[in-house]
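Take a look at the structure set out below.
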Amino acid sequence: MEARLEQALTRAGRQRKEITIVAVTKLFPAAVFQQAYSLGLHHFGENYVQEFESKYSHVSSLQHARFHFIGHLQSNKARRATEIFHVLQTIDTPKLARRLNEAGKALDVMIEVKLAEEEAKAGAAPQEVPALIDAIGACPNLRLLGLMTMPPWSEDAEASRPYFRRLRELAGRNGLGGLSMGMSHDFEAAVEEGATMIRIGTALFGRRSKPA
Ligand SMILES: *Cc1c(COP(=O)(O)O)cnc(C)c1O
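According to our numbering, the sequence shown holds residues 74 to 285 in order.
Structure, rendered in structure tokens:
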């Protein structure tokens, strides 16, 4: 994983410190957090509020850990999510932003953008992004870090590249610096296209027992 990252950084003329690895621990037990933490990984990504809740008491004492929510946030779980996560990466409506703001805790957030026409996928359309930025800007407890996306699944990492490029362009047009993009199979392309955060599960921890 680190060797693949180094090679991508070299190709892109970028530095390791520009990239935050979010270790995706969904469907792995709390012990995996502790191991990863001791190896220097401090950012963790989880997809399900309820699942993370069950591990939280085992990992909340990891002093410098930052917990990222990267799944679809149902509004009835939003308040609980604000209590156990530091970063919510999947804001896709002004209503969700306001609901998180109402919890009264300082939070980092990202806007999830849907760049392909996929029925089942969450995420805001690119043309909705400016209004979402305004809505988040009106929420004093929320700090907007940037944009997040998940391209349609393909074995071929190069198929993701145009989506990564479009996310970077969209962020640039809107004055945003943070780009959460790239997973185990396509993070090199994401790093080459400007990712600042890559979300890595399988390449760090192996296959998950259940599909997610
Ligand atoms: C599961 C997941 C990942 C990590 O996927 P891997 O292929 O295991 O690296 C990244 N981002 C999101 C949104 C995910 O749901």
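Cβ coordinates follow ideal geometry from the N, Cα and C atoms, glycine included.
Remember, it's a predicted structure, so these values are computed and weren't measured experimentally.
Length of the line joining the Cα atoms of residue i and residue j
i, j, result
"E91", "L100", "28 Å"
"N174", "P213", "7 Å"
"G292", "T166", "Not covered by the structure: residue 292. The range shown for the chain is 74 to 285."
"A232", "S133", "37 Å"
"A179", "A189", "31 Å"
"F140", "H116", "6 Å"
"A262", "A81", "8 Å"
"F278", "L78", "16 Å"
"N247", "R234", "20 Å"
"A230", "F142", "24 Å"
"K136", "R171", "Contrary to the premise, residue 136 reads as Gln rather than Lys in this sequence. Straight-line Cα distance between these residues: approximately 28 Å."
"A151", "I164", "11 Å"
Continuous beta strand (DSSP E) stretch holding residue i: start and end
i, result
"P185", "The displayed chain sequence assigns Glu, not Pro, to residue 185. 180-186 is the extent of the beta strand (DSSP E) around E185."
"H141", "139-142"
"A176", "No beta strand (DSSP E) holds A176; DSSP gives it neither H nor E."
"T98", "Looking at the DSSP string, T98 is not in any beta strand (DSSP E), and its letter there is neither H nor E."
"E119", "116-119"
"I164", "160-164"
Cβ neighbour criterion (16 or more within 10 Å) applied to residue i
i, result
"P203", "exposed"
"R280", "exposed"
"T275", "exposed"
"T222", "buried"
"K168", "exposed"
"H131", "exposed"
"S111", "exposed"
"S282", "exposed"
"Q200", "exposed"
"E162", "The sequence shown places Gln at residue 162, not Glu. Its Cβ being crowded by 16 or more others within 10 Å, Q162 is buried."
First through last residue of the alpha helix (DSSP H) which encompasses residue i
i, result
"A154", "151-157"
"T83", "75-85"
"Q147", "Per DSSP, Q147 belongs to no alpha helix (DSSP H) and is neither H nor E."
"Q123", "122-132"
Problem - Stretch-stretch touch, CB-based, cutoff 8 Å, three pairs: the stretch 216-231 with the stretch 176-194 - result: yes
Problem - Contained beta strand (DSSP E) runs [length at least 3] in the stretch 190-277, N- to C-terminal order - result: 215-222, 251-253, 270-273
Problem - At least three beta-carbon pairs within less than 8 Å, the stretch 202-212 to the stretch 226-240 - result: Cβ pair count under 8 Å is below three, so no.
Exercise for the section: Give a yes or no on contact between the stretch 78-96 and the stretch 121-136, applying the rule of three or more CB pairs nearer than 8 Å. Expected result: They do not touch, by the three-pair rule.
Exercise for the section: Say whether the stretch 256-267 touches the stretch 75-89, bearing in mind that this needs 3 or more beta-carbon pairs closer than 8 Å, one atom from each stretch. Expected result: yes
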